[in-house]
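Q: Below you'll find the structure I mean.
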Amino acid sequence: MLFLENISSILLGIHLVTAIVSLIALLAAFSYIVLASNKDWKTGVKASILGAWGYIVTFVLGLLIYPVFRVKVRAADFDKVRPWATGIFEVKEHIGAIALFAAIAVIVLAGSTNDKSEDNRKKLFTFLVSTVTLVFVIKFIAGFVLTVLNRM
Amino acid sequence: MKDQTLKFISYFITIATFIYVFVGITGVNLPAYYPVLHKWSISPIKDAVSMGFYGRVAFTLIVSLIATFILTAFTKTKDTNESLLAGFTKASVIFGIFFFIGEEWHKWGIEKMKFDSKPFLNYEFWFFAVLVTIFVSIVCFTTGNCRKKK
């Protein structure tokens with residue numbers, strides 16, 4: 025039996041739930057900090073912290089279910105029959121790692137970032153939140169597509 | 198730079214992204230996990246399904262954190278060009294993301310699907326054109342030149 029194969033369905037379900045919560049938090053943070061004309065830094069930073077932590081938890085859950093996916097889905101099906109699906113997964117995986125570094129940075133910076141912070145800090149924080157949000161949206165859609173393909 | 202936390206984070210992201218990209222390009226042998234065999238190995242095991250992602254992420258985090266701590270301590274009392282460092286940070290993230298979209302989709306979405314062909318205006322060209330268009334748009338927007346003036 026593969027690593028955590030017996031609970032992989034449960035982990036996948038939790039992975040989906042944390043992904044949805046993180047996505048909502050990140051989109052909220054993006055709205056408050058990036059899109060809004062009157063930026064609400066207090067609420068935006070709180071949403072960013074929740075979104076960034078949610079991202080990391082979702083990432084770790086993905087790591088735990090990866091062995092089962094790697095063997096039962098990717099090696100058994102995608103690599104042989106639908107390599108483009110492996111391409112989607114590989115892109116999702118690697119841009120996700122880069123966004124992980126950004127998510128860690130969001131958490132470190134969030135504690136002391138507010139509307140009174142210097143411009144450099146606010147600009148970098150905005151960029152990092154935007155990056156994590158955009159990458160997460162791409163990963164969420166990619167994950168959905170891969171799940172549908174796996175069921176077909 | 199007065200904001201040491203900002204400097205630390207900027208160095209961390211820039212270095213981590215560089216390491217994550219170049220550890221693959223340069224072919225560093227990192228431990229890979231073989232899920233069917235339930236073992237880790239640095240030397241490749243023939244005909245076995247392998248997972249290099251764990252080793253790559255762990256190696257990147259460890260080395261980049263060490264390098265960042267050393268660099269931040271070394272530059273603690275020195276003046277830092279804040280704009281340049283911020284630019285490096287943003288550019289490295291954008292470059293890293295585009296690198297993997299380009300590399301992985303070329304390998305799995307074009308080569309493995311046998312869409313690669315010899316003419317100049319082939320699938321690879323149009324994929325490249327899309328990526329360049331998106332990249333240039335991002336550069337334009339992030340430098341404030343393409344936004345609507347309020």
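Residue numbers (the numbering used here), protein chains in the order written: chain E, 25 to 176; chain Y, 198 to 347. Where a beta carbon is used, it is the ideal one built from N, C-alpha and C, also for glycine. Since this is a predicted model, take the numbers as computed values, not measurements.
Check distances from the C-beta atoms of the region 126-149 of chain E to those of chain Y and list, in chain order, the residues that come in under 8 Å.
A: Within the region 126-149 of chain E, the qualifying residues are 126, 128, 129, 132, 133, 136, 142, 144, 145, 147, 148.
Q: Check residue 32 of chain E in the structure and name its three-state DSSP category.
A: In the structure shown, residue 32 of chain E sits in a helix (DSSP, three-state: H, G or I).
Q: Would you tell me roughly how many angstroms separate the C-alpha atoms of residue 302 of chain Y and residue 252 of chain Y, rounded to the nearest one?
A: Taking the straight line joining both Cα atoms gives about 22 Å.
Q: Hey, is the region 42-61 of chain E in contact with the region 78-94 of chain E, meaning 3+ C-beta pairs nearer than 8 Å?
A: Yes: at least three Cβ pairs fall under 8 Å.
Q: Is the region 98-107 of chain E touching the region 287-303 of chain Y in the sense that three or more CB pairs, one from each, lie closer than 8 Å?
A: The answer is no - the region 98-107 of chain E does not touch the region 287-303 of chain Y, with fewer than three Cβ pairs under 8 Å.
Q: Using a C-beta to C-beta distance shorter than 7 Å, which residues of chain Y count as neighbours of residue 118 of chain E?
A: Correct list: 297, 301.
Q: Against chain Y, does residue 27 of chain E count as a neighbour if the rule is that its beta carbon must be under 8 Å from one of theirs?
A: Cβ-Cβ to chain Y under 8 Å: yes for residue 27 of chain E.
Q: For residue 338 of chain Y and residue 117 of chain E, I'd like the C-alpha separation in whole angstroms.
A: Rounded to whole angstroms, residue 338 of chain Y to residue 117 of chain E spans 26 Å at the Cα level.
Q: Using a threshold of 8 Å, state whether the C-beta atoms of residue 144 of chain E and residue 65 of chain E are closer than that.
A: Contact: no.
Q: Could you pull out every unbroken alpha helix (DSSP H) segment of at least 4 residues lying fully inside the region 103-158 of chain E, listed in chain order?
A: For the region 103-158 of chain E, whole alpha helix (DSSP H) runs of length 4 or above, ordered along the chain, are 107-134.
Q: Take residue 283 of chain Y as the anchor and find which of E:147, E:25, E:41, E:167 has the nearest alpha-carbon.
A: Among E:147, E:25, E:41, E:167, the Cα nearest to that of residue 283 of chain Y is on E:147.
Q: How is the alpha helix (DSSP H) around residue 280 of chain Y delimited, first residue to last?
A: First-last of the alpha helix (DSSP H) with residue 280 of chain Y: 279-301.
Q: Of the choices E:151, E:127, E:164, whose alpha-carbon is the least far from that of residue 335 of chain Y?
A: When only C-alpha atoms are compared, the closest one is E:151.
Q: Mind checking which residues open and close the beta strand (DSSP E) that includes residue 323 of chain Y?
A: Where residue 323 of chain Y is concerned, there is no enclosing beta strand (DSSP E), although the alpha helix (DSSP H) it sits in stretches over 320-339.
Q: Cβ of residue 108 of chain E less than 8 Å from any chain Y Cβ?
A: Chain Y, which has a Cβ nearer than 8 Å to the Cβ of residue 108 of chain E, makes this yes.
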